[in-house]
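Residue numbers (numbering that gives the first Met the number 0), protein chains in the order written: chain L, 0 to 254; chain F, 0 to 398. Backbone N, C-alpha and C fix where the C-beta goes; we use that ideal spot for every residue, glycine too. Keep in mind the model is a prediction, meaning the values are calculated, not measured. In what follows, a single structure is set out as structure tokens and then discussed.
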Amino acid sequence: MNNRMTALFENKHENILNIYFTAGYPNINDTVTIISELEKAGVDLIEVGIPYSDPLADGPTIQESGTVALKNGFTLKLLFEQIREARKTTTVPLILMGYVNQLMQYGIEKFVKECADSGVDGLIIPDLPPAVFERDYKELFAIHNLSFTFLVTPNTSDERIKMLDNLTTGFLYVVSSASITGAKSGISDEQVAYFERIKPLISSPKLIGFGISDNETFTTACSYAEGAIIGSAFIKMLSKDGVGGIASYIKSVRG
Amino acid sequence: MSKKYQVSSDGYYGDFGGAWVPEMLYKNVEELQANYLQIIESREFQEEFRTLLEEYCGRPTPLTYAARLSKEYNTHIFLKREDCNHTGSHKLNNAIGQILVAKRLGKKRIIAETGAGQHGVATATVCALMNLPCIVYMGEVDIARQQPNVKRMEMLGAEVRPALSGSRTLKDATNEAIRHWIANPDDYYLIGSAIGFHPYPDMVGRFQSIISEEIRAQLKAKTGKETPDAVIACVGGGSNAVGAFYHFLDDDSVRIIEAEAAGLGIDSGKSAATSILGTEGIIHGCRTLLMQTEDGQIVEPHSISAGLDYPGIGPLHAHLIKTGRAEVVPVTDQQALDAAFKLTRLEGIIPALESSHALAALDQLTFKPTDVVIVNVSGRGDKDMDTYMKAMKDGSTTH
Ligand SMILES: Cc1ncc(COP(=O)(O)O)c(C=O)c1O
Chain L
0 MNNRMTALFE
10 NKHENILNIY
20 FTAGYPNIND
30 TVTIISELEK
40 AGVDLIEVGI
50 PYSDPLADGP
60 TIQESGTVAL
70 KNGFTLKLLF
80 EQIREARKTT
90 TVPLILMGYV
100 NQLMQYGIEK
110 FVKECADSGV
120 DGLIIPDLPP
130 AVFERDYKEL
140 FAIHNLSFTF
150 LVTPNTSDER
160 IKMLDNLTTG
170 FLYVVSSASI
180 TGAKSGISDE
190 QVAYFERIKP
200 LISSPKLIGF
210 GISDNETFTT
220 ACSYAEGAII
230 GSAFIKMLSK
240 DGVGGIASYI
250 KSVRG
Chain F
0 MSKKYQVSSD
10 GYYGDFGGAW
20 VPEMLYKNVE
30 ELQANYLQII
40 ESREFQEEFR
50 TLLEEYCGRP
60 TPLTYAARLS
70 KEYNTHIFLK
80 REDCNHTGSH
90 KLNNAIGQIL
100 VAKRLGKKRI
110 IAETGAGQHG
120 VATATVCALM
130 NLPCIVYMGE
140 VDIARQQPNV
150 KRMEMLGAEV
160 RPALSGSRTL
170 KDATNEAIRH
180 WIANPDDYYL
190 IGSAIGFHPY
200 PDMVGRFQSI
210 ISEEIRAQLK
220 AKTGKETPDA
230 VIACVGGGSN
240 AVGAFYHFLD
250 DDSVRIIEAE
260 AAGLGIDSGK
270 SAATSILGTE
280 GIIHGCRTLL
290 MQTEDGQIVE
300 PHSISAGLDY
310 PGIGPLHAHL
320 IKTGRAEVVP
330 VTDQQALDAA
340 FKLTRLEGII
350 PALESSHALA
360 ALDQLTFKPT
370 DVVIVNVSGR
380 GDKDMDTYMK
390 AMKDGSTTH
């Protein structure tokens, strides 16, 4: 079966909107509804966050949503059931974002296979080192036609960016500043200089994330990359307006 | 130095260790990995380090023959007196070592995590000494139960920031410190135990290894023999333990014994007995044994002692335990309290609650009357006086 994300990047090269939300939040059964509302609102790519007790790369907003989801009774078994359910109707590419300990406990091979079977197109595991991925799991991901996305940051060297660009089978996640998720908003001149510096080094699609929240930041990000990722701001909206607020929020971001 | 238990070039002890960090930390971790050995093996570093250990820390710390305790257990017990260090615990050995590394890397601000507050105090102390600003992350729960140390850190000029996420103890303080480092990559993260990503477990182990280096020399002077029959240490993350074990690991005749916090009991659901209840996984960038659910969610630990209240264990310890080199003794909150009072009444030494776990392990072990047993008294009990006073008042100790 074709990877939906690969198809997306073949057909669309600009203004790609990727929305991150935490599975099982605000309510345990909202996952499927949120996916379908996002699809209806015209989002290109959906990143489903797997709630985790110790999300090192995430700021307070995403941490808290994960804590709530875990209190709601979130499990990996339930997540895959929800993905299967969503896949009955949705054709939007879905990626999972989680931490390597969660995959290890589940069994990485079993996890990857379950992703492929349930209709996931890619994974982002920020604490799985690229060297370990390349040595132990690259082939496994290829067999299951599952993409793997690496992060690049303002501190990633040019040489390493090229290496990661070669290794990724999906897109590169361009972290906009030295920060955890949700830390800043707005895009500074310094960040623009960084986006311009890395542009010629990368041939894979790039999506800019961290600090993207509204039409202004989305539009700016899209002028330096194929698209952008919104996470914390979307979760804040959800906690205020609930699932009913999705359509108008996405509309406001698209402008 | 141990030959059999050296860390590999990519940071592993057998199956455990490594550097499982997000890309945001890659450059910092890489910088440390590439430089730490060269820095700490240089002669001028060693001279400065050794001088500070002697003139500032007060080393060597005594090796005390505990006559009445020995009689009680019908064996020969020596106490390694890390409680005699300036600031009250072994933590200062590591803080001195790392601040000297930080200086050589040109770092301008220091951050740390702390549980019992001993590492926070040690870090705040060396920052005052070196005139560097210092931020210490401490779980909100620990801030409440270790107030004297919070006050000390503040007096030393450090900023104590409460960790408000998760169980609000050491694990969460460590998460917050790592997040801080992601957002402030120019700072130096001065980690307090033999945990975390490579090279921290090895670096901390090297700085703490002064403990067993001294034990060997002191024991030789006192008994004519360099090696004891057993060394006992409590293990939170495992820094005082690695220090006490380090130079004995290759001596197969020396029993290596790790006292773990069993909280209200191994099966109570309220413990920090990591190696007994834990399974292999990743915590704070390190592959090791940790307490977690079958879904890989990290379990919130419990121990009466804030310094042992950690759901993981340093990777060297995981390896020593898995390969059978080390024995593990679980010690409950109550047993630790009782052991604290016993040592105080028999030897006139008030130990830290953490160290009391190592002392309590004596009740569960058998030694020959001729055996020589070392117990590492990692710290003193000043910070735990509230807990001790309460136990005295409500009669909840047998002593
Ligand atoms: C006196 C004392 N002993 C032991 C520990 C436990 O740490 P580690 O296992 O790293 O020695 C602590 C930690 O705060 C401590 O303060």
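Give a yes or no on whether 8 Å exceeds the smallest Cβ distance from residue i to chain F.
| i | result |
| --- | --- |
| residue 99 of chain L | yes |
| residue 157 of chain L | no |
| residue 175 of chain L | no |
| residue 252 of chain L | no |
| residue 96 of chain L | no |
| residue 125 of chain L | yes |
| residue 104 of chain L | yes |
| residue 25 of chain L | no |
| residue 204 of chain L | no |
| residue 168 of chain L | no |
| residue 154 of chain L | yes |
| residue 74 of chain L | yes |
| residue 307 of chain L | Lying before the first or after the last residue shown, residue 307 of chain L is absent from chain L, which here runs from 0 to 254. |
| residue 82 of chain L | no |
| residue 272 of chain L | Residue 272 of chain L cannot be examined here, being either before or after the span of chain L that is shown, 0 to 254. |
| residue 187 of chain L | no |
| residue 179 of chain L | yes |
| residue 92 of chain L | no |
Pop quiz: residue i and residue j are said to be a contact at Cβ under 8 Å. What is the actual Cβ separation, rounded to whole angstroms?
| i | j | result |
| --- | --- | --- |
| residue 258 of chain F | residue 275 of chain F | Incorrect: roughly 12 Å between the Cβ atoms, too far for contact. |
| residue 330 of chain F | residue 261 of chain F | 6 Å |
| residue 186 of chain L | residue 219 of chain L | 5 Å |
| residue 151 of chain L | residue 171 of chain L | 6 Å |
| residue 304 of chain F | residue 246 of chain F | With a Cβ gap of about 26 Å, residue 304 of chain F and residue 246 of chain F do not count as contacting. |
| residue 206 of chain L | residue 189 of chain L | With a Cβ gap of about 20 Å, residue 206 of chain L and residue 189 of chain L do not count as contacting. |
| residue 208 of chain L | residue 173 of chain L | 7 Å |
| residue 180 of chain L | residue 49 of chain L | Wrong, their Cβ atoms sit about 14 Å apart, outside the cutoff. |
Is any beta-carbon of chain L found at less than 8 Å from that of residue i?
| i | result |
| --- | --- |
| residue 37 of chain F | no |
| residue 184 of chain F | yes |
| residue 41 of chain F | no |
| residue 259 of chain F | no |
| residue 255 of chain F | no |
| residue 293 of chain F | yes |
| residue 320 of chain F | no |
| residue 165 of chain F | yes |
| residue 178 of chain F | yes |
| residue 174 of chain F | yes |
| residue 181 of chain F | yes |
| residue 323 of chain F | no |
| residue 284 of chain F | yes |
Worksheet item: In chain order, what residues of the region 14-26 of chain F put their CB closer than 8 Å to some CB of chain L?
Response: 17, 18, 19, 20, 21, 22, 23, 25 and 26
Worksheet item: Where in the region 109-182 of chain L do unbroken runs of the alpha helix (DSSP H), each at least 4 residues long, occur, reported from the N-terminal end onward?
Response: 137-142 and 157-166
Worksheet item: Pairing CB atoms from the region 310-322 of chain F with CB atoms from the region 336-346 of chain F, are three or more of them under 8 Å?
Response: no
Item to complete: Taking a Cβ distance cut-off of 9 Å, strictly less, list which residues of the region 49-67 of chain L are near chain F, in chain order.
Response: 50, 51, 52, 53, 54, 55, 56, 57, 58, 59, 62, 63 and 66
Worksheet item: Is the region 63-74 of chain L touching the region 178-191 of chain F, taking contact as three or more C-beta pairs under 8 Å?
Response: no
Worksheet item: In chain order, which alpha helix (DSSP H) runs of at least 4 residues are fully inside the region 238-320 of chain F?
Response: 238-244 and 273-276
Discussion item. Please give the ranges of any beta strand (DSSP E) in the region 35-88 of chain F, keeping only runs that are unbroken, at least 3 residues long and fully inside the region.
Written reply: 62-64 and 75-80
Discussion item. Whether or not the region 140-149 of chain F and the region 114-129 of chain F are in contact is what I'm after, with contact meaning three or more pairs of Cβ atoms, one per stretch, closer than 8 Å; do they touch?
Written reply: yes
Worksheet item: Where in the region 188-238 of chain L do unbroken runs of the alpha helix (DSSP H), each at least 4 residues long, occur, reported from the N-terminal end onward?
Response: 188-197 and 214-221
Item to complete: Please confirm if the region 115-135 of chain L is in contact with the region 146-153 of chain L, defined as three or more CB-CB distances below 8 Å between the two stretches.
Response: yes
Worksheet item: Looking at C-beta atoms only, is the number of pairs between the region 133-143 of chain F and the region 12-25 of chain L that lie closer than 8 Å three or more?
Response: no
Discussion item. So within the region 323-381 of chain F, which uninterrupted alpha helix (DSSP H) runs reach at least 4 residues, ignoring any that extend past its ends?
Written reply: 332-346 and 352-359
Practice prompt. Ignoring anything shorter than 3 residues or poking outside the region 165-202 of chain F, list the beta strand (DSSP E) runs there in chain order.
Written response: none
Worksheet item: Which of the residues in the region 267-281 of chain F, read from start to end, lie with their CB under 8 Å from any CB of chain L?
Response: 278, 279, 280 and 281
Worksheet item: In chain order, what residues of the region 295-315 of chain F put their CB closer than 9 Å to some CB of chain L?
Response: 295, 296, 297, 298 and 299
Worksheet item: Any chance the region 169-187 of chain F sits against the region 42-59 of chain L, with 3 or more Cβ pairs inside 8 Å?
Response: yes
Worksheet item: If contact means a Cβ-Cβ distance below 9 Å, which residues of the region 98-129 of chain F contact chain L?
Response: none
Item to complete: Spell out a yes or no on whether the region 65-84 of chain F and the region 154-168 of chain F are touching, meaning 3 or more CB-CB pairs, one atom from each, closer than 8 Å.
Response: no
Worksheet entry | Contacting positions in the region 203-228 of chain L - beta carbon closer than 7 Å to chain F | none
Practice prompt. Write down every uninterrupted run of the beta strand (DSSP E) in the region 63-97 of chain L whose length is 3 residues or greater and which is fully enclosed by it, in chain order.
Written response: 93-96
Worksheet item: Taking three-plus beta-carbon pairs below 8 Å as touching, is the region 227-239 of chain L in contact with the region 219-236 of chain F?
Response: no
Discussion item. List, from N- to C-terminal side, the alpha helix (DSSP H) runs of 4 residues or more that fit wholly inside the region 21-59 of chain L.
Written reply: 29-39
Fill in: Inter-stretch contact (C-beta, 8 Å, three-pair minimum) for the region 100-118 of chain F and the region 62-82 of chain F
no
Worksheet item: Is there contact here, the region 124-132 of chain L with the region 235-254 of chain L, by at least three beta-carbon pairs under 8 Å?
Response: no
Discussion item. Closer than 8 Å is the cut-off here; do at least three beta carbon pairs connect the region 80-94 of chain L with the region 30-44 of chain L?
Written reply: yes
Practice prompt. Please confirm if the region 198-218 of chain F is in contact with the region 176-183 of chain F, defined as three or more CB-CB distances below 8 Å between the two stretches.
Written response: no
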